[in-house]
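Asker: Below is one structure. I have some questions about it.
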Amino acid sequence: MGSCSNDSSSENDDPASLENLDDELVLPLKLMPLHTNGWLHDMKLSSPTAVRVSNGSSSGTFDPIYRAWTKKYPSALNAFDHIVAYGKGKKIALFLDYDGTLSPIVDEPDNAVMSDQMREVVKNAALQLPTAIISGRSRDKVFDFVKLTELYYAGSHGMDIMGPVGKHDSATDGRSSTNSNEKQGEEVKIFQAATEFLPMIDEFFRLLVEKTKAIEGAKVENNKFCVSVHYRNVAEKDWQLVSQCTNDVLKLYPRLRLTHGRKVLEVRPVIDWNKGKAVEFLLDSLDLASCKNALPIYIGDDRTDEDAFKVLRDDKRGFGILVSSVPKDSHAMYSLVDPSEVMEFLKRLVMWKKEEASDSRFLNSDRQ
Ligand SMILES: [Mg+2]
1 MGSCSNDSSS ENDDPASLEN LDDELVLPLK LMPLHTNGWL HDMKLSSPTA VRVSNGSSSG
61 TFDPIYRAWT KKYPSALNAF DHIVAYGKGK KIALFLDYDG TLSPIVDEPD NAVMSDQMRE
121 VVKNAALQLP TAIISGRSRD KVFDFVKLTE LYYAGSHGMD IMGPVGKHDS ATDGRSSTNS
181 NEKQGEEVKI FQAATEFLPM IDEFFRLLVE KTKAIEGAKV ENNKFCVSVH YRNVAEKDWQ
241 LVSQCTNDVL KLYPRLRLTH GRKVLEVRPV IDWNKGKAVE FLLDSLDLAS CKNALPIYIG
301 DDRTDEDAFK VLRDDKRGFG ILVSSVPKDS HAMYSLVDPS EVMEFLKRLV MWKKEEASDS
361 RFLNSDRQ
């Protein structure tokens, strides 16, 4: 897939013209770095205490530090007109993380239920725009939460992708790509980037469950192509223990590696695959790889979403929107405070798309 960076012939075709925002403000803030040494340190950095703030899009409490941060990462609601200006006449492809983006972060991961209102908004978006959910969870688990057949689903950080037949090409990158009848009730196309790792991940999961069973609040989740170790219910004094246990088991599996999410450690195969690669794969599959006819928008709250933000930013291809109520460093270009702002953004996007479609129908009928 070619980069779009050299394709942009006019200012309007180049979303990265906003990159000068990087230089606009030298933040006098201690931002969360993307990469640091020391797992315990990383666990603390990945788990900031959430602070409800207003980012200027609505009235409410006012946090000057957050406001300074939003000069670098403007609110996607405030910048909505600017964002859709780049999407005019193009196909907007929507990529959404699940936890912390469409559902609130909750103490018990199995209770991260999406509201009916959010489900309706996501469904409306999928009817107007190609829409995919890209999550660290297993694909089946995400579908159980979302329950919408109109979407593409990429589980296990994009290592397990499903889309309706006919919309997905046969690109497999030498990996597993099959048709199957899934419980969603229709024939679907499956792309799996790491099938050979499945027995290893299963073994790692069972060993780690055994190793961590005495740690109160620790929950190890098998997400098929990756294992999540949730510590959001573990007392902070025991985080070191969670880290040590995971490290001990991980040493036995040099082909697995660890990444940090929000109050979760994630172990996955050492392969060149992540949420950014999944976005590239889906854009290719949807024939939307060129920024001349497409504007991808990715909304997520995790450090694992940074790979996707980076792909869109580096290739000057589209926009990443970070969901965060605290200032942190990111490859995203815009921000939203929480899932309720994500819902508002999606509603406005759907409304804008409908108006654009109706304007273009009107213009076409006028010409005839
Ligand atoms: Mg998330």
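Position one of the sequence shown corresponds to residue 1 (full-length UniProt numbering), numbered consecutively onward.
Even for Gly, the Cβ is constructed at its ideal location relative to N, Cα and C.
If you draw a straight line from the alpha carbon of residue 369 to that of HIS230, how long is it in whole angstroms?
Answerer: Outside the shown range of the chain, which is 1 to 368, sits residue 369, and nothing can be said about it.
Asker: Measure the alpha-carbon distance for TYR98 versus ASP140 and round it to whole angstroms.
Answerer: Rounded to whole angstroms, TYR98 to ASP140 spans 13 Å at the Cα level.
Asker: How is ASP301 classed by DSSP in three states: helix, strand or coil?
Answerer: If DSSP states are grouped into helix, strand and coil, ASP301 belongs with coil.
Asker: Is there at least one non-hydrogen atom of ligand 1 closer than 8 Å to the beta-carbon of ARG348?
Answerer: No - ligand 1 has no heavy atom lying nearer than 8 Å to the Cβ of ARG348.
Asker: Please confirm if the region 247 to 264 is in contact with the region 60 to 78, defined as three or more CB-CB distances below 8 Å between the two stretches.
Answerer: The region 247 to 264 vs the region 60 to 78: no contact.
Asker: Consider the C-beta atom of SER135 and the heavy atoms of ligand 1; say whether any pair is separated by less than 8 Å.
Answerer: Flag set: Cβ of SER135 near ligand 1.
Asker: According to the Cβ coordinates, are HIS331 and MET43 closer than 9 Å?
Answerer: It is not a contact, given that the beta carbons lie outside the stated cut-off.
Asker: The alpha helix (DSSP H) spanning PRO64 covers which residue range?
Answerer: That run of the alpha helix (DSSP H) goes 64 to 72.
Asker: Take THR131 as the anchor and find which of LEU283, LYS316, MET333 and ALA357 has the nearest alpha-carbon.
Answerer: Nearest C-alpha to THR131: LEU283.
Asker: What distance in whole Å lies between the Cβ atoms of LYS275 and SER138, which are believed to be in contact at a cut-off of 8 Å?
Answerer: That belief does not hold up - the Cβ atoms of SER138 and LYS275 are roughly 15 Å apart, past 8 Å.
Asker: Just to be sure I understand the criterion: a residue counts if its Cβ is closer than 5 Å to at least one heavy atom of ligand 1. Which residues meet that?
Answerer: Matched residues: ASP97, ASP99, GLY100, ASP301 and ASP302.
Asker: What does a CB cutoff of less than 6 Å around ALA76 pick up in its chain, not counting 5 residues either side in sequence?
Answerer: Closer than 6 Å at Cβ, skipping near neighbours: ILE321, TYR334, LEU336 and PHE345.
Asker: Would you call the region 349 to 356 and the region 79 to 93 in contact, with 3 or more CB pairs under 8 Å?
Answerer: Touching, per the Cβ criterion.
Asker: My guess is that LEU129 and PRO339 are in contact by the Cβ rule of under 8 Å, so how many angstroms apart are they, rounded?
Answerer: Actually they are not in contact, since the Cβ atoms of LEU129 and PRO339 sit about 19 Å apart, beyond 8 Å.
Asker: Using the C-alpha atoms, what's the distance from ALA93 back to GLU306?
Answerer: Rounded to the nearest angstrom, the two C-alpha atoms are 18 Å apart.
Asker: Once you ignore the five residues that flank ALA79 on each side, which residues in its own chain have a CB closer than 8 Å to its CB?
Answerer: Taken in chain order, the residues that qualify are TYR334.
Asker: If we require 3 or more residues per run, which beta strand (DSSP E) segments fall completely within the region 237 to 298?
Answerer: 256 to 261 and 264 to 269, all fully within the region 237 to 298.
Asker: Please state the DSSP three-state secondary structure of LYS211.
Answerer: Three-state result, LYS211: helix.
Asker: Since PHE204 and VAL249 should fall inside the 8 Å C-beta cutoff, what is the C-beta to C-beta distance between them, to a whole number of angstroms?
Answerer: Sure, about 6 Å apart at Cβ, within 8 Å.
Asker: Use the C-beta contact count for ARG268: other C-beta atoms within 10 angstroms, 16 or more gives buried, fewer gives exposed.
Answerer: When all chains shown are included, ARG268 counts as buried.
Asker: Among residues of its own chain, excluding the 5 on either side of TYR253, which ones have a beta-carbon nearer than 6 Å to its beta-carbon?
Answerer: Counting only Cβ-Cβ distances below 6 Å, and skipping sequence neighbours, we find PHE204.
Asker: Could you give the DSSP three-state label for SER325: helix, strand or coil?
Answerer: SER325 falls in the coil class under three-state DSSP.
Asker: What distance in whole Å lies between the Cβ atoms of ILE161 and PHE309, which are believed to be in contact at a cut-off of 8 Å?
Answerer: In fact, because the Cβ distance is near 19 Å, the residues do not count as touching under 8 Å.
Asker: Hey, how far is the Cα of ARG317 from the Cα of LYS90?
Answerer: In a straight line, the C-alpha of ARG317 is about 12 Å away from that of LYS90.
Asker: Compute the Euclidean distance between the alpha carbons of PRO104 and SER324, then round it to the nearest angstrom.
Answerer: The straight-line gap from Cα to Cα measures roughly 12 Å.
Asker: Of all the beta strand (DSSP E) runs that stay within the bounds of the region 112 to 149, which reach a length of 3 or more residues?
Answerer: Entirely contained in the region 112 to 149, the beta strand (DSSP E) runs reaching 3 residues are, in chain order, 131 to 134.
Asker: Is HIS331 helix, strand or coil by DSSP?
Answerer: The answer is coil: DSSP assigns HIS331 none of H, G, I, E or B.
Asker: By how many angstroms is the C-alpha of SER290 removed from the C-alpha of ALA154?
Answerer: Taking the straight line joining both Cα atoms gives about 21 Å.
Asker: Starting from the C-beta of ASP151, find all residues in its chain whose C-beta is less than 8 Å away, skip the five residues before and the five after it, and write them out in chain order.
Answerer: One detail in the question is off: residue 151 reads as Leu in this sequence, not Asp. Result list for LEU151: VAL122, ALA126, THR131, ALA132 and ILE133, in chain order.
Asker: Measure how close the beta-carbons of GLY158 and LYS277 come, nearest whole angstrom, since I'm counting them as under 8 Å.
Answerer: Contact flag correct, Cβ pair sits at about 6 Å.
Asker: Could you check whether the Cβ of LEU94 sits closer than 8 Å to any heavy atom belonging to ligand 3?
Answerer: As far as ligands go, the structure on display features ligand 1 and does not contain ligand 3.
Asker: Sort VAL279, GLN240, CYS226 and MET114 by Cα distance to MET200 and report the nearest one.
Answerer: The shortest C-alpha separation from MET200 is found at CYS226.
Asker: Sorted by chain position, which residues of the same chain lie with C-beta nearer than 8 Å to LEU148's C-beta, five sequence neighbours on each side aside?
Answerer: So the list reads ARG119, VAL122, LYS123 and ALA126, once near-sequence residues are dropped.
Asker: By a C-beta neighbour count over all protein chains shown, 10 Å radius and 16 as the cutoff for buried, is LYS71 buried or exposed?
Answerer: Flag for LYS71 reads exposed.
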